[in-house]
Amino acid sequence: MSWFHKLMPSRIRTEGGSKRTVPEGLWTKCKSCDAVLYRPELERNLLVCPKCSDHMPLTARRRLELLLDPGPKREIAAELEPEDPLRFKDVKRYRDRLAAAQKQTGENDALVAMVGGLKGQEVVCCAFEFGFLGGSMGSVVGEKFARAALESLRLRAPLISFAATGGARMQEGLLSLMQMAKTSAVLGRLAETGVPFISVLTHPTTGGVSASLGMLGDVNIAEPGALIGFAGPRVIEQTVREKLPEGFQRSEFLLQKGAIDMIVDRRNLRDEIATLLSLLTGGAQPKAVSGELVES
Amino acid sequence: MNPNYLDFEQPIAELQEKIDELRNVGSDNALNLEEEIQRLQTKMQQRIANIFSDLSPWQISQLSRHPLRPYTLDYVDLLFDEFHELHGDRSFADDHAIVGGLARFRERPVVVIGHQKGRDTKAKVFRNFGMPRPEGYRKALRLMHLAERFRLPVVTLIDTPGAYPGIGAEERGQSEAIARNLQAMSRLATPVICTIIGEGGSGGALAIGVGDCVNMLQYSTYSVISPEGCASILWKDAANAEEAASALGITSDRLLQLGLVDEVIPEPLGGAHKNPAEVAESIGECWQRQLEELDQMTTQQLLERRYRRLLSYGVYKGG
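These protein sequence lines are chains A and B, in that order. Plus 812 on top of the position in the first sequence (first one is 1) and you've got the working numbering. Plus 499 on top of the position in the second sequence (first one is 1) and you've got the working numbering.
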């Protein structure tokens, strides 16, 4: 406490200054442009900064809520919970990290999947929860994604995924790596069957998720300014020992290099995805799933 | 320190040096040193047996990157009667970190694809230390489709620290190249046998590692991230690589237990580099057996089995 504070009579002394008069969380500062934003207005703007259009992170459930119609929804494989097959321990135990992440996010693991309507069309949608161990993909994420895709096959309903992830989950070792093969394989079935898959890459999408389901969309969409890539920028910088170009691995860079189809502002995403799906599914009816095909 | 021996192999190196010295003396001296050499050789064998009876995951990880370890083209020489390398991805370049081509395995034509590392500095740079760029994966994919068209089995040899983390690699879509291979391999209508011969480094390994059978050499490793990488993220210090190697479960025996690997191919005492021909023979036997099994299936059965295997990967509670 400064000498000035000590001098002040206690009745005019306040803890934490004038902040106390403002209710908690009513104002948010934009990390990108430092603008002080009125929280309810920011929420109405889908957490996009009205001043600089920075796209702030959304929880998985909020994502689904924003995409899907307000009507009935059905969650897929909500009961799945992670295990600790390797009894992994670094400076913390994997079990403890899981428990903390579950408590903090209220989710069992880093993916939420639902069946719902998108402007009246039935769709299956899943979203990564970045707050859960960096949205990392382990066995539960892989299995949930696979079940969402299978549900999508069964219903002949388009699949939409929102990625926000650092990649494969180290604490489940090779099992996590195999989720890349698993999710890619099930998307192979979708592709064969002609059920559309829209992959939305949000900030950030890197590593094993980007190098599997993330880049396998019939249409790959990115939100503006998202970091998307295989290796993280720090690893690349250390490897090549040179400064990375401005905007490297951002959505705009990927669009220029031909890696994604389009960049869509979050506020237009719902409309854009609905339109794309109506175009993709407006042709001939999809074929039967290959499991039901007889070899001719 | 002998650079061709790892830290924990130094006691072996010392004995080998002594034996070599005695041999040199023996050749220009009338003294009969054979007995002493014999004694040292027995001692060396015991020491090797001792060291190799209880290797830690970290030691195995070092062995998998042993400077003398046989690389893909060494095995290609030993395993195939003919090998015709095919180059290029047809859109950008020929990546030297992945080699592939048409080969004859025990009279049977196959397509072989593998990561390639270099032995000396010049070759290491030429091979980019076995770290492929997107064009490498796209070349591999092109060769796999070639195999599919002509109904040839695909055999892959995996030995990479990982996909190359470089600016150009990212610009040309490293993620997409890997993802595309995973999806294509999961439904490639021809038998695919994958064998990890050294380092199975993450997505860069998996990108030619999806198939009907996955084999590992005894002292190879297969991991979601390198022990050093894992340590620097979770421990905030790469020096904890030894602990990370244990925690990650990257060794062949552990992965066999987890059901992620079908067969572990034994290596001679001291590692594959002690007798590459013997290891190649064991790989060949393993492939022969697996190809005969896969030959029994129709394409439909083969693809259905591969798909079910891929979907079964994972350990979780509930549902």
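Yeah, the Cβ is synthetic: ideal placement off N, Cα and C, and Gly gets one too. This one's a predicted model, so the numbers in the text were calculated from it and none came from an experiment.
Let's test the definition: count the other Cβ atoms within 10 Å of the Cβ of L809 of chain B and tell me whether it reaches 16, buried, or not, exposed. Buried, because 16 or more other Cβ atoms sit within 10 Å of the Cβ of L809 of chain B.
By the criterion of Cβ-Cβ separation under 7 Å, what are the contact partners of A662 of chain B in chain A? Near A662 of chain B (Cβ distances below 7 Å), the residues of chain A are F1042.
Please list the partners that Q914 of chain A has in chain B, where partner means a Cβ-to-Cβ separation under 9 Å. The contacting residues do not exist; Q914 of chain A stays about 12 Å from chain B at best.
What's the gap between the Cα of L1092 of chain A and the Cα of K915 of chain A? If you take the alpha carbons of L1092 of chain A and K915 of chain A, they lie about 40 Å apart.
Y806 of chain B - containing alpha helix (DSSP H), residue span: 798-811
Ordered along the chain, which non-local residues of its own chain (more than five positions away) have a Cβ less than 6 Å from that of A743 of chain B? P726, C729, A730
With distances taken between CB atoms, is the gap from L577 of chain B to A738 of chain B smaller than 7 Å? no
Local Cβ density within 10 Å of P1057 of chain A, reported as buried at 16 or more and exposed below that: exposed
Pick from B:N503, B:A646, B:A622, B:Q673 that is closest to G635 of chain B, judged by C-alpha positions: B:Q673
Using a C-beta to C-beta distance shorter than 8 Å, which residues of chain A count as neighbours of I724 of chain B? A980, M982
At least one CB of chain C closer than 7 Å to the CB of K1069 of chain A: is that the case? Of the protein chains in the structure, A and B, none is chain C.
In chain B, what lies closer than 7 Å to F900 of chain A by C-beta? A746
Beta-carbon proximity list for P882 of chain A, same chain, < 8 Å, skipping 5 on both sides: none
Cutoff 6 Å; reference I695 of chain B; Cβ partners in own chain excluding five residues on either side: I657, M715, S719, Y721
Let me know if S590 of chain B comes out buried or exposed under the rule of 16 or more other beta-carbons within 10 Å of its beta-carbon. exposed
Mind listing, in chain order, the continuous beta strand (DSSP E) runs of no fewer than 3 residues lying wholly within the region 705-791 of chain B? 712-716, 720-722, 762-764
Expected contact under 8 Å - CB spacing of A602 of chain B and E647 of chain B to nearest Å: Not confirmed; about 16 Å, so no contact.
Measuring only the C-alpha atoms, how far is Y906 of chain A from I536 of chain B? 52 Å
Can you tell me the Cβ-Cβ gap for L1002 of chain A and A958 of chain A, rounded? I've got them flagged as a contact below 8 Å. Wrong, their Cβ atoms sit about 11 Å apart, outside the cutoff.
Nearest-angstrom beta carbon gap, S1024 of chain A and L681 of chain B [assumed within contact, 8 Å]: About 6 Å; that satisfies the 8 Å criterion.
If I follow the unbroken alpha helix (DSSP H) through G1000 of chain A, where does it start and stop? 985-1005
Report the residue from B:L755, B:I707, B:C693 whose alpha carbon sits nearest the alpha carbon of C785 of chain B. B:C693
Does N531 of chain B come out as helix, strand or coil in the three-state DSSP assignment? coil
Measure the C-alpha to C-alpha separation of K616 of chain B and G629 of chain B and round it to an integer number of angstroms. Using only the alpha carbons, I get a separation of about 4 Å.
Closest to M643 of chain B by CA distance: which of B:G710, B:L521, B:R671, B:I547 is it? B:G710
Below-7 Å beta-carbon distance, V709 of chain B vs any chain A residue: Contact with chain A is found for V709 of chain B, since one of that chain's Cβ atoms lies less than 7 Å from the residue's Cβ.
Could you pull the start and end residues of the beta strand (DSSP E) that P608 of chain B belongs to? The continuous beta strand (DSSP E) containing P608 of chain B extends over residues 607-614.
DSSP state of L1074 of chain A, grouped into three classes? Checking the sequence, you will find Met at residue 1074 of chain A rather than Leu. M1074 of chain A falls in the strand class under three-state DSSP.
Residues in the region 755-782 of chain B with C-beta within 8 Å of chain A's C-beta atoms, listed in sequence order? L757, L759
What residues in the region 597-631 of chain B bring their beta carbon closer than 7 Å to a beta carbon of chain A? Nothing from the region 597-631 of chain B brings a Cβ to less than 7 Å from some Cβ of chain A.
Would I1075 of chain A count as contacting chain B if we go by Cβ distances under 7 Å? no
Please name the residue, chosen from B:N774, B:E669, B:E698, B:V654, that lies closest to V1052 of chain A on a Cα-to-Cα basis. B:E669
Would you mind sorting E1107 of chain A into buried or exposed? The rule is 16 or more other CB atoms within 10 Å of its CB. Confidence at E1107 of chain A is low in this model, with a pLDDT of 44, below 50, so its placement is unreliable and the value that follows should be read with caution. A residue is called buried once 16 or more other Cβ atoms fall within 10 Å of its Cβ, and E1107 of chain A, having fewer, is exposed.
Which residue comes first and which comes last in the beta strand (DSSP E) that contains L601 of chain B? 597-604
Counting along the chain, where does the alpha helix (DSSP H) carrying N571 of chain B start and finish? What sits at residue 571 of chain B in the sequence shown is Thr, not Asn. T571 of chain B -> alpha helix (DSSP H) spans 571-578.
Please identify, using Cβ separations under 7 Å, the residues of the region 654-688 of chain B that lie next to chain A, in order along the chain. A662, P664, G665, I666, E669, E670, G672, Q673, S674, E675, I677, A678, L681, Q682, S685, R686
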